[in-house]
Amino acid sequence: MKKIQLLFWVGLMLTEQVIAQEVFHVGFNEVSGTNTTTEEVSSQSLSIENLFDRPERITSPDGNALRLDGWSTYISQSNFSLSGIDRALTIEAWYATEAFNRESSSIIELSSASGASGFYLSVGPYGELNFGYHLDNTFYVHNTPNRLSTYQWHHIVATIDLDAGETRVYVDGVVWFLKQGLSASSISVPESTLYIGKRSLDQRANGFSVNVLNGALDDLKVYNVALTEAEITDASQSVPERKVDLYIDPAVRFAGDHLRPQYHPMPNNSWANECYGLMYYEGNYHLFFQKNPNAPQLYFMHWGHLISPDMVHWREVDIALRPTPGFDNFGAWSGTTLKDNAGSPYIFYTGVDGAKAGIGMAIPTGDSLLTWTESESNPLLANAPTSFSHMDFRDPYLWKSDGLYYMIVGSGLQNNGGGILFTYRSSDLVNWTLIPRLYANSDISEYGEFWEMPTFRKLAGDTYLLQLTPTPNNGKPARSIYLLGAWENETFKPYFETPKSLELFDSHMLAPAFGTDDETGDTYIGIIPEDRDGNDQINAGWRQTFSIPRQVRLLEDSTIGQIPHPNLCRLRSDEISVEKLVLENGKRNNLPQFRGNQIEMEFDIKADSNANFVIQVLKHEDEREYTTITFDYELNKIILDRRQSSLSNTLKNTRIGNFVFNPNDTLNVRIFIDHSTLEVFVQNLTVFSARVYPSRAESDLVDVVAIDGEVSVVSAKKWEMASMLDHEVVGQSCVPSNLPTHFNKTPKEPEEPEEPLKSGFKSGWKLYPNPSFDVINLDTPGIENGQYFIYSLSGQQLLSGAIDQERAAIDVHQIPAGMYLLTASDGTLFYSERILIKNKE
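FYI, the numbering for the sequence shown is 56 to 896, going by the numbering used here.
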């Protein structure tokens, strides 16, 4: 009996000893969305910082783990102390990530304000581990030569054993670092600030912390002993399955966000920039894009990756490329994809090291294209040609011709030399020879001073498309322009000198990623950038979306016609239709059946040559928010008016584009609304896009209103649209027939009329005298507050002012003689009239 009692007490003492060795333990097993976690040794509650105040948990081998987002999710607890640490210390954690941040980010840190004591275990920008600590008054820091892998759980352990005189760092049971010969009396761990998921340094870029972990953290422990190698090995082997699902469900993270698009291609969270490399391979479409997984800002770029079976049902998969030590240590920037002559796919990209850019290549590690490895030959091009005084050097695009490979890289020449495409030739994709440039143009007013994201590809017959994205210059925003021409003897010969715009309105869609759809031809997807207040973008937690896929075709007049991708019909449901609706001028609320902010609509409209009508979308019933699209048959203009689109701080402007209507034709208009994204296709020829941000989810009404002339809706249809994440692929494509082969020709400029131009809106507003050489009066009975604008027929705003007390006297004497467009708004409807300004006789 005494022997049994003795064994019992020895066992109890050993148990108590083991428990005493663990001085800190956080398991993160709370329900997802809980903004605290419990330190289990002290039972102390720790607050978790998070942008939305609902930090997420994901499933881990031991229950739940804390999902870190790379910028806003971490723990910072002041006046925290760990007891019992003297001559030995062990830090143990399970960690998995999709990406590393630009600066060292702590798994755990206990740091004094002076930095003279404490310790940290952190992860560096390429997956290396950093272990720093104070012994007596000396600071030590060690970096592992090995690097963590992404998308798998790692068991990470760091130990200090002063009795043995050594420090060790283990990853998955293997020693990654060993330092021997340590001599000190104790480990310095005073009461200080505790950080989990973040370094105390708080280094920032553009206001964002770049010291915060991305990924998942679980079962974080600190011991006052040095665990043995056997204990560490046993713990590591307790989790044989290391694959981790780091998927971020946007429906959870962005719940309640009525502005986040749903059926447009976009990543699950954070920052997206240009997309590129659109390619079909082994049953899937692949779209790559600029991604910062760590924060909604342009910084430390990675290659994001979306895949789809049909171009409309998309899902984000693992990051394809990331910064690595070497020529791309500051970012893997934009590029393209290419299949070699044997059909094998490759990635070509811009690598940036903070000082210069080079061009690299990556190779898939399997047929799924889900993982890629950088070429050992990188960089293929270390820098731009030294014989040119060039600006930046980035965004390669490749194509094949006569068994050889060609590459262009976007750039510009200094001292207003204009844009240039440096051009190279190769027979093996590795060794490249500089050849005469494909194209350059010094006309900065038309072409800008620097070209990014170029595209050069063959369309129908022997016609080639050259697409350029000039960067902002002299007040002109970035825009997407194109030339058509012939490619002969390694020379591009444009059919015309003045570039054409890819969209009706410049700058709303940029950097199109072209690819060949195996079913239906040439297709592109571009970025539709944000237009709202920067703080609102940050607070949303995501930035940018991409356009729906658009098919292009070569027209007989050497232009490009565009239609929505036919597979978009697969997202439709719940059709509502209206037919034979004759519009009464000025009458509103003509489509009470139509509403929604995740819809597609198609209108077939007949209008006479004097017609002027509007389609209003995302409209609130109080008429304080709406976006207006005007179709002016008399002036052959399409006008996008976003001045009333939101009560929030967003870009509010009017854009005017030229489009020649034919009153003998039925006008076809397809409108895609996806929360804050608007895309409009007109007559299966042209397209424009915009971002609109209604402040209220209830701003979802639709209306069509005739202002002048005879207008009738032959038919109108509306469909609800499924999310891009709805992966049930059903339905057939809807390929339009009898597509127009050219744009209507622009009529001659109107001659000065013998009689005064018509004045007086159907609403009772009056505009007089018209023509005028000095003052035009605008009477607005019943309207005390409003605005007017005067535009050139090319869309340039020349004058604006307020309507006050039912009238505006508009001084036009400084505007040159000619024909102009006056628009006015009373906060409910948008009106336009043509005005003629004459020279004073």
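Backbone N, C-alpha and C define an ideal beta-carbon position, used for all residues, glycine too.
Computed from a prediction, not measured in an experiment: that's the story for all the values here.
Is residue i buried or exposed, if buried means 16 or more other CB atoms sit within 10 Å of its CB?
i       : result
Gln-648 : exposed
Tyr-519 : buried
Gln-606 : buried
Asp-498 : exposed
Leu-459 : exposed
Pro-509 : buried
Ile-890 : buried
Asp-629 : exposed
Glu-552 : exposed
Determine the closest residue to residue i out of the options, with distance taken between C-alpha atoms.
i       : options                               : result
Met-334 : Lys-298, Ala-566 and Thr-391          : Thr-391
Asp-141 : Ile-215, Val-747, Glu-680 and Lys-800 : Ile-215
Ile-362 : Gln-653, His-782 and Pro-718          : His-782
Pro-604 : Arg-598, Asp-586, Asp-577 and Gly-409 : Asp-577
Ser-898 : Gln-787, Arg-725 and Asn-84           : An answer regarding residue 898 cannot be provided, because it is not within the stretch 56 to 896 covered by the chain.
Ala-437 : Leu-459, Leu-740, Asn-470 and Thr-488 : Thr-488
Glu-94  : Val-86, Ser-87, Glu-104 and Gly-82    : Gly-82
Thr-426 : Met-779, Val-372 and Gly-530          : Val-372
Ser-481 : Arg-643, Asn-496, Asp-457 and Leu-468 : Asp-457
Tyr-579 : Gln-235, Ser-792, Lys-800 and Val-742 : Val-742
Glu-657 : Asp-696, Val-769 and Phe-107          : Val-769
Gly-236 : Asp-304, Val-244 and Glu-221          : Glu-221
Asn-779 : Leu-190, Pro-320, Ala-143 and Tyr-150 : The sequence shown places Met at residue 779, not Asn. Met-779 has its Cα closest to that of Pro-320, out of Leu-190, Pro-320, Ala-143 and Tyr-150.
Leu-822 : Pro-619, Gly-125 and Ala-864          : Ala-864
Thr-732 : Asp-720, Asn-723, Arg-746 and Gln-738 : Arg-746
Ile-434 : Thr-428, Gly-413, Leu-453 and Phe-714 : Note that residue 434 is Pro in the sequence shown, not Ile. If we check each option's Cα against that of Pro-434, Gly-413 comes out closest.
Ile-303 : Arg-112, Phe-232 and Val-785          : Arg-112
Arg-308 : His-80, Ala-595, His-341 and Glu-77   : Ala-595
Leu-203 : His-210, Glu-183 and Thr-193          : Glu-183
Asn-201 : Ser-632, Thr-379, Asn-349 and Ser-444 : Thr-379
Can you tell me whether residue i is helix, strand or coil according to DSSP?
i       : result
Thr-526 : coil
Leu-891 : strand
Gly-789 : At residue 789 the sequence reads Cys, which differs from the Gly that was named. Cys-789 falls in the coil class under three-state DSSP.
Ala-397 : coil
Asn-119 : strand
Asp-591 : helix
Arg-480 : strand
Val-367 : coil
Ile-287 : helix
Pro-836 : coil
Arg-157 : coil
Glu-552 : coil
Arg-308 : helix
Excluding the 5 residues preceding and the 5 following residue i in the sequence, name in chain order all residues of the same chain whose CB lies nearer than 6 Å to its CB.
i       : result
Asn-185 : Ser-159, Ser-177, Gly-179 and Asn-198
Val-212 : Glu-147, Tyr-225 and Ile-287
Ser-706 : For the sequence presented, residue 706 should be read as Leu rather than Ser. Excluding sequence neighbours, Leu-706 sits near Asp-586.
Glu-689 : Asn-665
Gln-132 : Leu-101 and Leu-249
Arg-710 : Phe-560 and Leu-695
Tyr-278 : Gln-76, Glu-77 and Thr-145
Based on the DSSP output, what are the partners of residue i in its beta bridges?
i       : result
Glu-296 : Its beta-bridge partners do not exist; DSSP assigns none.
Gln-617 : Val-607
Ser-855 : Phe-844
Tyr-460 : Lys-455 and Ser-481
Val-735 : Ile-726 and Phe-743
Phe-686 : Phe-668 and Ile-693
Ile-215 : Leu-144 and Thr-222
Ser-166 : Gly-173 and Thr-248
His-357 : Lys-346
Phe-109 : The identity of residue 109 in the sequence shown is Arg, whereas the question assumes Phe. According to DSSP, which records beta bridges pairwise, Arg-109 is partnered with nothing at all.
Within the same chain, show all residues whose beta-carbon is closer than 8 Å to that of residue i, passing over the 5 residues directly before and after it, in chain order.
i       : result
Ser-535 : Gln-522, Leu-523, Thr-524, Ser-556, Leu-557, Glu-558, Asp-561, Met-564, Leu-565, Ala-566, Pro-567 and Gly-581
Val-790 : Thr-575 and Pro-621
Ala-752 : His-313 and Asn-652
Asn-471 : Ser-497, Ile-499 and Glu-504
Ile-242 : Ile-140, Asp-141, Arg-142, Ala-143, Leu-144, Phe-174, Tyr-188, His-189, Leu-190, Ile-215 and Leu-217
Ala-515 : Arg-608 and Leu-609
Tell me which residues share the same chain as residue i and place their Cβ nearer than 7 Å to its Cβ, disregarding the 5 neighbours each side in the sequence.
i       : result
Glu-337 : Asp-422
Ile-654 : Ile-728, Lys-773, Trp-774, Glu-775 and Met-776
Gly-465 : Arg-449, Asp-450, Leu-476, Trp-506, Glu-507, Met-508 and Pro-509
Under a CB-based cut-off of 8 Å, is residue i close to chain C?
i       : result
Ser-423 : The structure shown contains no chain C; it holds only a single protein chain.
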